[in-house]
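Accompanying notes for the structure given below.
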Amino acid sequence: MHGKRHSKTPKISVAESYRSGRPPGRRPRPAPGAEDCGSGFLGFRAWQRPGRRALAYGGSEGILGTVALFPRREVQMMQNVHLAPETDEDDLYSGYNDYNPTYDTEELENDTAFQQAVRTSHGRRPPITAKIPSTAVTRPVATGYGSKTSLASSMGRPMTGALQDGVARPMTAVRAAGFTKAALRGSAFDPLGQSRGPAPPLEAKNEDSPEEKIRQLEKKVNELVEESCVANGCGDLKLALEKAKDAGRKERVLVRQREQVTTPENINLDLTYSVLFNLASQYSANEMYAEALNTYQVIVKNKMFSNAGRLKVNMGNIYLKQRNYSKAIKFYRMALDQIPSVHKEMRIKIMQNIGVTFIKTGQYSDAINSFEHIMSMAPNLKAGFNLILSYFAVGDQEKMKKAFQKLIAVPLEIDEDDKYISPNDDPHTNLVIEAIKNDHLRQMERERKAMAEKYIMTAAKLIAPVIETSFAVGYDWCVEVVKASQYVELANDLEINKAITYLRQKDFNQAVETLKMFEKKDSRVKSAAATNLSFLYYLENEFAQASSYADLAVNSDRYNPSALTNKGNTVFANGDYEKAAEFYKEALRNDSSCTEALYNIGLTYKKLNRLDEALDCFLKLHAILRNSAQVLYQIAHVYELMEDPNQAIEWLMQLISVVPTDSRALSKLGELYDSEGDKSQAFQYYYESYRYFPSNIEVIEWLGAYYIDTQFCEKAIQYFERASLIQPTQVKWQLMVASCFRRSGNYQKALDTYKDIHRKFPENVECLRFLVRLCTDIGLKEVQEYATKLKRLEKMKEIREQRIKSGRDGSGGSRSKREGSAGSDSGQNCSASSKGERLGARLRALPGTNEPYESSSNKEIDASYVDPLGPQIERPKTAAKKRIDEDDFADEELGDDLLPE
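Under this note's numbering, think of the first position of the sequence shown as 201, with each following residue one higher.
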């Protein structure tokens, strides 16, 4: 039905719009005075003015219409287009027969006008775009019955530009999202364009452009700053400074390039600030304070940097390191003025720096004002401790007490230990508590608590002797204050410190009494006090008391490594090395870092001759205590016992690098080199040992013997003289001095020395023999006197030998008689022994060269002549003349009858 009606309706081709030549998107507008003359043609409306005619094509939504006006004139955009339908609005079935002739494509092939327009104008017509306004103008559509109505969209919304309720709907684009003409030709729906394949590659950047060069250079500067900070964090300060300098150079190049390409306003000030600040920090870390101050001045004086005044704090810190306290205070105050009051924490820290600087300058009153202000605004441990120090320097006892109370009252702001104890057996809760029991936050809390205890203990030990008449009363006051605070457990530690103070004052009785007060306290304090008591008695060689208190300490706290070590020491002193080693091992099991137990167990293994195990212990201890002189010496000594002198020498060399003035280590090195046959190295270390400690007899004796072996007797004299001063009762040193004079050819000095020795030791046989020999060689008259004395001493020696021999025989006979008889002979034996002792005292031999001159000496003396310096070296031959053999009777005295007349 509809098809017949529409087939009979005459159609107007769209060629008119193609031939019009009007730009797309123009809307037809009736000229002033135009008349509406309905032509009856479907879809067209003509307005006519006298002599003018216009055609307008109106299609449905999505079809673009063109307008042609004759003659051509300027056409203005239509704001609102509304053509009211002529049908009855009350007709419920109106609009169902409406048909848009645009969709009738059956007769287009036969439309000669349309085909001609396609052949002549297609391809030259400008493209239809949505950039020109009013491209989707609402077009009235006329039905075959002459009705005019606006077609609604597929969703029922009014067409673009149509009026609805008196309000014009805004115009929209004519093309829907995802709709293309290709879809009409049967292609699949592809709104994202995935069927077109991968996107073409991005256009390559032009690295030669100035903007790209600037971007790359800025990236490089940031990388250098980061590398500098990382190197500083790793401790490589030199590399950090080099990176910071390189970043500064590249940043200046970057600024110059930016100035050439862009305006100065586009310079990255944040990058410049970070580069300069990092450079100044690295200068300061490398102690290049002048360069750091210059760099900070560059930042501070630049008004373009915001908040740069805060860096004056860093400048004040540098002046403080340079001990320029006046400038440090000046810059601290300047920084304090530039920091607003909202930054309370920063201001408190700066004021604390000012107070510390005042303490260093001795201005304690100003320091007290600063710390008092801090304690009133935001109390903290450091400020409270510094306030106590300031009052201590001033000597104000009452203020010291108040400051100590303020320090005790500073809140720690940490969780209680009960938080880390599980209240029930919930596995989830237990896992959480186990995870947080030793995390970083818990470690930080422990460190803060330890720091607070350290400050309080130090302050108490500082002020206790001065706040009261005696230090004991002062300690008692501090203990009472601590007991009333949150640091109750510190009271017992203060009591133990009180006992230690008694020890420093040599008041051992009071120290022991104070420590004995803890026997009734809790186990931890009792164990600590008993440990100290055990050590005190051990130092006094009262091993029984030391052992009892060590047992008390171990019973109070079985896991106390110090108590176990003291117990092992007492067992070691009694000679039970195996049991001592067990106590030391148990102490190490409880605390593997107990260096005392590890050292002692090494000594125990040395006593047991288990040298390999002792060496292992000392090597482990060396890994813990790298610069311990005792450990290094023990390792060297163990190697010496293991007969490895090379290793012993190597470890002793490490020892003297730690303690270069240790005379014992130097002499030991000399001894090892001497045993190896290296006399020159031995002499070097022996001489160094003598230089640091000139009273070591062994070193003096070796040096004197060395000079005698090298035929420098004159140099040996000074060492033997020093030995005679150190041991004046030893006759051998003075004999060696006289022998050195004789060997060097100074016979007169040697004779005087021997005479002096004879006056001090008149019964010394060696001295008389030397005197007889010298007087005979020189031809002095005293030779007969000395020879007579020598013969008398020799006769006394013979008598003594006979008495000794007869005494031995008599003792054997009395011993046989004693076997047959009982106590009746005891009195006779006693009298005989007492008589023998008196006789022996009268006939005792004189001391030898190696023993002190004492009348009670029982050692026999060889009467033969022996040079204490050894046989004299034969003088080398200097002439070709044959040496005449000496007469065997050359030393005998000639009688007067044998002399020539």
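Note that beta-carbon positions come from the ideal geometry of N, C-alpha and C, so glycine has one too. Note that the coordinates shown come from a computational prediction; the quantities given were computed from them, not determined experimentally.
Own chain, CB closer than 6 Å to residue i, minus 5 neighbours either side, in chain order
i, result
"A730", "Y749, L752, A753"
"D693", "none"
"V453", "none"
"K806", "A814"
"Q538", "G509"
"F571", "G555, A583, N586, L587"
"Y777", "T804, K807, L808"
"Q1002", "none"
"F558", "D566, A567"
"C913", "C940, R943, S944"
Cβ-based neighbour list, residue i, same chain, cut-off 7 Å, excluding 5 preceding and 5 following
i, result
"Q522", "Y489"
"I475", "This sequence places Val at residue 475; Ile is not what is there. Here the set comprises V421, V425, A447, G448, E451."
"S863", "S889, Y892, F893, N896"
"A882", "G870, Y873, D874"
"E668", "G674, W677"
"F818", "G802, V831, Q834, I835, V838"
"Y496", "A480, L511, N514, M515"
"F735", "N766"
"V1103", "Since the first residue of the chain shown is 201 and the last is 1101, residue 1103 is not available in this structure."
"Y519", "K527, A528, F531"
"T861", "Y892"
"Y947", "L974, I978"
CB of residue i within 8 Å of CB of residue j, strictly
i, j, result
"G877", "S889", "no"
"M575", "I663", "no"
"F743", "T770", "yes"
"I608", "V681", "yes"
"A923", "I900", "yes"
"V1103", "A987", "Since the first residue shown for the chain is 201 and the last is 1101, residue 1103 is missing from the structure and cannot be characterised."
"V712", "L739", "no"
"Q834", "G802", "yes"
"Y525", "N553", "no"
"L471", "E411", "no"
"V542", "Q597", "no"
"L855", "A848", "no"
"A199", "L974", "Summary: the structure shown does not reach residue 199, with the chain confined to residues 201 through 1101, and so no result is reported for it."
"A787", "P761", "yes"
"Y886", "W902", "yes"
"R456", "I414", "no"
"F961", "V931", "yes"
"E653", "Y687", "yes"
Cutoff 8 Å; reference residue i; Cβ partners in own chain excluding five residues on either side
i, result
"I621", "I633"
"V937", "I917, F920, E921, S924, T953"
"D707", "none"
"N432", "A440, S481, Q482, A485"
"G1027", "Interpretation of G1027 is limited by its pLDDT of 41, a score under 50 that renders its predicted location unreliable; no figure is taken from the coordinates."
"L821", "T795, L798, Y799, G802, S828, V831"
"F718", "N692, E695, I696, V725, K726, A728, A729, A730"
"S867", "Y885, Y886, S889, N896, E898, V899"
"R547", "L536, I539, S541"
Test: residue i CB closer than 8 Å to a CB of chain C
i, result
"F961", "Protein chains in the displayed structure number just one, and chain C is not present."
Distance between beta carbons of residue j and residue i, contact taken as under 8 Å
i, j, result
"P579", "K606", "7 Å"
"A691", "V679", "5 Å"
"K649", "I614", "6 Å"
Exercise for the section: Quick one: which unbroken alpha helix (DSSP H) runs of 4-plus residues sit fully inside the region 539-617? Chain order, please. Expected result: 544-561, 564-577, 581-594, 597-608
Handout entry: the region 653-665 in contact with the region 569-588 per 3-pair CB rule at 8 Å
Key = yes
Handout entry: Contiguous alpha helix (DSSP H) assignments of at least 4 residues, all confined to the region 691-769
Key = 708-716, 723-739, 743-756
Problem - Cβ contact check for the region 559-578 and the region 623-634: 3 or more pairs under 8 Å - result: The region 623-634 and the region 559-578 do not touch, with fewer than three beta-carbon pairs separated by less than 8 Å.
Problem - the region 414-430 touching the region 444-463, judged by at least three CB pairs closer than 8 Å - result: yes
Exercise for the section: Counting only runs of 4+ residues fully inside the region 824-850, write out the alpha helix (DSSP H) ranges in chain order. Expected result: With a minimum length of 4 residues, the continuous alpha helix (DSSP H) runs that stay inside the region 824-850 are 829-841.
Exercise for the section: Mind listing, in chain order, the continuous beta strand (DSSP E) runs of no fewer than 3 residues lying wholly within the region 616-675? Expected result: none
Practice task
Scan the region 839-906 and note each continuous alpha helix (DSSP H) run of 4 residues or more that stays entirely inside, going in chain order.
Solution key: Within the region 839-906, complete alpha helix (DSSP H) segments of at least 4 residues are found at 845-858, 863-875, 879-892, given in chain order.
Handout entry: In chain order, each alpha helix (DSSP H) run of at least 4 residues that lies wholly inside the region 441-513
Key = 469-485, 489-501
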